[in-house]
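Residue numbers (my numbering): -6 to 218. All C-beta atoms in this analysis are idealised placements derived from N, C-alpha and C, irrespective of residue type, glycine included. To start, the structure itself, in structure tokens.
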Amino acid sequence: MQQRILFLFASIMAMLSLSIQAHGETVSERLNSATVVLKEIMQAPDRGIPQDLMDKAQCIVIVPGVKKAAFVVGGKYGRGFISCRDGHGRWSSPGAMRMEGGSVGWQIGASETDVILLVMNETGMRRLLESKFTLGASADVAAGPVGRNAAAETDAKMTAQILSWSRSRGIFAGLSLNGATLRDDRDENKTLYGKRWSNQQIILGKVHAPRTASEFIATLNRYSR
């Protein structure tokens, strides 16, 4: 039974990966998609990420169009980007990331969701920059509050190292992503920078951002103090 579940999960993950590849989106187009997602969410008057959390965040991860599919065993797969602040509060060049995850139980169907994570302290940042990171296991993660002026009032949101949100079919809400895995996407980094650098090398090494990332970084600066 366990082998059958693992086989189904592997098949679903392969299908999701091929679906993204077949879409033909380039890394530049994906950066643009991530930029658009951030703009639209931050421009929402009453349903965006609280400004105080955006201002305090150490890092941000944006994964546009995370694809989910399920037939008893469920899986999700997406490709996005991470950027972190330096000692002067400036946002770094983006590093590419992959998001993967699964679940077991009666479920069927498919969907596509935009995901945003805010990393709230340096400890969370260091753990996220490891080669493989599991939300909820490597660091505490909680569903983020929604509302431009909302405060993170609960103990979970005040102490969580990472806050998460999703947008699906126009609905923006806090989302628990426990169990999802994030890892460096070195193939995308090679396309962006010419070398298969890790995200740690890009962000902590202060690698110069390519021209294709200029609007992404400008948008981060525009919507955070």
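Three-state secondary structure (DSSP) of residue i
i, result
"T28", "helix"
"L213", "helix"
"K125", "strand"
"D48", "helix"
"L168", "coil"
"A136", "strand"
"I196", "helix"
"P203", "coil"
Exposed unless 16 or more other CB atoms sit within 10 angstroms - verdict on residue i
i, result
"D177", "buried"
"E181", "buried"
"N214", "exposed"
"A89", "buried"
"P87", "buried"
"G41", "buried"
"P43", "buried"
Residue i versus residue j - alpha carbon distance
i, j, result
"G172", "L110", "14 Å"
"A145", "S159", "Confidence at A145 is low in this model, with a pLDDT of 47, below 50, so its placement is unreliable and the value that follows should be read with caution. The straight-line gap from Cα to Cα measures roughly 17 Å."
"K32", "V56", "14 Å"
"V54", "F126", "13 Å"
"R119", "I196", "11 Å"
"R78", "Q51", "6 Å"
"I34", "L156", "15 Å"
According to DSSP, residues forming a beta bridge with residue i
i, result
"E93", "Y70 and T174"
"T106", "V59"
Is there contact between the stretch 105 to 118 and the stretch 49 to 63, where contact requires at least three CB pairs shorter than 8 Å?
The stretch 105 to 118, when compared against the stretch 49 to 63, does touch it at the 8 Å Cβ threshold.
Would the stretch 125 to 135 count as touching the stretch 180 to 198 if we require 3 or more Cβ pairs under 8 Å?
No: the two stretches stay apart, fewer than three of their Cβ pairs being nearer than 8 Å.
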